[in-house]
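**Student:**
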Amino acid sequence: LGLPVILTCMIAPHCKQLFKLPRIYTRSFKMSSQTNTPETALSDVVSNAHVVNERIQACAEAAGRPRDSVRLVAVSKTKPAEAIQQLYDAGYRHFGENYLQELTEKAAILPKDIHWHFIGHLQSSKASKITKDVPNLYMLETIDSEKLANKVNNARGTAGLPPLKVFIQVDTSGEATKSGVDTGSELLSLATFITQQCPNLRLAGLMTIGAPDDATCFDKLAHSRVEVAELLKISIE
Numbered sequence: 001l002g003l004p005v006i007l008t009c010m011i012a013p014h015c016k017q018l019f020k021l022p023r024i025y026t027r028s029f030k031m032s033s034q035t036n037t038p039e040t041a042l043s044d045v046v047s048n049a050h051v052v053n054e055r056i057q058a059c060a061e062a063a064g065r066p067r068d069s070v071r072l073v074a075v076s077k078t079k080p081a082e083a084i085q086q087l088y089d090a091g092y093r094h095f096g097e098n099y100l101q102e103l104t105e106k107a108a109i110l111p112k113d114i115h116w117h118f119i120g121h122l123q124s125s126k127a128s129k130i131t132k133d134v135p136n137l138y139m140l141e142t143i144d145s146e147k148l149a150n151k152v153n154n155a156r157g158t159a160g161l162p163p164l165k166v167f168i169q170v171d172t173s174g175e176a177t178k179s180g181v182d183t184g185s186e187l188l189s190l191a192t193f194i195t196q197q198c199p200n201l202r203l204a205g206l207m208t209i210g211a212p213d214d215a216t217c218f219d220k221l222a223h224s225r226v227e228v229a230e231l232l233k234i235s236i237e
């Protein structure tokens, strides 16, 4: 897609699933079952990831989309590095973290070709730290202000790193616990700022954390995608 939208659904404790499909159909799954041994729990992580991939394949086929148009990001917050390594050994490369300290610790000891997605709230004062400590940061999915965008943009430029892919986080549920810009003028203003004032960032899409069992959140995000695409003159499917 020229401008993807990402719906982030909390579907199990410590686990998120990211989709790029016209409509989203999800069922809960667990990253690990209750077991008696760490070894069994780790093997369950890989097995469950394969199950999710099979569901993505089925949804993609139902939507008339190729499987490779959908990316599964394994959210690994609070999970041990051993679990990430096992998924890595099974062929997975995209992992998401919510907490900066946890991300920097894992990035330091895990393979350098992992594509890290930061999906938690990032304080603007930490822009330099995430840039310095996670050189293989693949995407920052929670840009929600011009201040944060500017700080990350400047940090990337100072470090001499290539432009970073970013998502704008959009508030589609109106819940007090959710972050993100409002749909409409606030979103369009931030999209314009990133594309015109931040040469070290590349606006790659929109993200929202929808309310449980509320499909209208995705409808709002899809509508916002159209508005941003029209503003930036991006063709979309």
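So in UniProt numbering, spot 31 of the sequence shown is number 31, and the numbers just go up one at a time. Glycine is no exception: its CB is placed at the ideal position from the N, C-alpha and C atoms. Note that the structure is predicted; figures quoted are calculated from it, not measured.
1. Tell me which residues share the same chain as Thr104 and place their Cβ nearer than 8 Å to its Cβ, disregarding the 5 neighbours each side in the sequence.
2. Determine whether the beta carbon atoms of Lys151 and Ala176 lie at a separation below 7 Å.
3. What is the C-beta distance between Val170 and Leu187, in whole angstroms, given that I count them as a contact (C-beta under 8 Å)?
4. With distances taken from CA atoms, which of Ala83, Lys106 and Gln86 is nearest Trp116?
5. Classify Ala159: buried if its beta carbon has 16 or more other beta carbons within 10 angstroms, exposed otherwise.
6. What separation, rounded to the nearest whole angstrom, lies between the Cα atoms of Ala149 and Ile143?
7. Please identify the residue among Lys147, Val75, Ala204 and Ala81 whose C-alpha is closest to the C-alpha of Val228.
8. State the DSSP-derived secondary structure class of Arg202, mapped to helix, strand or coil.
9. Can you tell which of Leu201, Ser47, Gly210 and Ile168 has the C-alpha that lies nearest to the C-alpha of residue 300?
10. If you count every other CB in all the chains shown that lies within 10 Å of the CB of Glu97, and 16 or more means buried, which is it?
11. Would you mind giving the Cβ-Cβ distance between Ala60 and Arg71, rounded to the nearest angstrom? I have them listed as a contact below 8 Å.
12. Return the CA-CA distance between Phe19 and Asp44, expressed in angstroms with no decimal places.
13. Do you know whose CA, among Ile114, Met139 and Glu102, lies nearest Ala90's CA?
14. Please state whether DSSP places Gly157 in a helix, a strand or coil.
15. Apply the 10 Å Cβ neighbour rule to Glu54 and answer buried if 16 or more other Cβ atoms are within range, or exposed otherwise.
16. Identify, in the order they occur along the chain, each residue of the same chain with its Cβ nearer than 7 Å to the Cβ of Ser224, setting aside the five sequence neighbours on each side.
17. To which residues of the same chain is Asp214 closer than 7 Å at the C-beta, ignoring the five residues directly before and after it?
18. Cβ of Ala74 within 7 Å of Cβ of Leu110?
19. Please classify Asn153 as buried or exposed, where buried requires at least 16 other C-beta atoms within 10 Å of its C-beta.
20. Which whole-angstrom value describes the C-beta separation of Val181 and Ile168, a residue pair presumed to lie in contact below a C-beta threshold of 8 Å?
**Tutor:** According to the structure data:
1. Lys129, Ile130, Asp133 and Val134
2. no
3. 6 Å
4. Lys106
5. exposed
6. 6 Å
7. Ala204
8. strand
9. Residue 300 lies beyond the stretch modelled for the chain, which goes from 1 to 237, so this question has no answer here.
10. buried
11. With 8 Å as the limit, Ala60 and Arg71 do not qualify as a contact, their Cβ atoms being about 11 Å apart.
12. A caution first: Phe19 carries a pLDDT of 32, below 50, which makes its placement in the model unreliable, though a value can still be read off. Spanning the two alpha carbons is a distance of roughly 22 Å.
13. Ile114
14. helix
15. exposed
16. Val170, Thr183, Leu187 and Leu206
17. Ser173
18. no
19. buried
20. 6 Å
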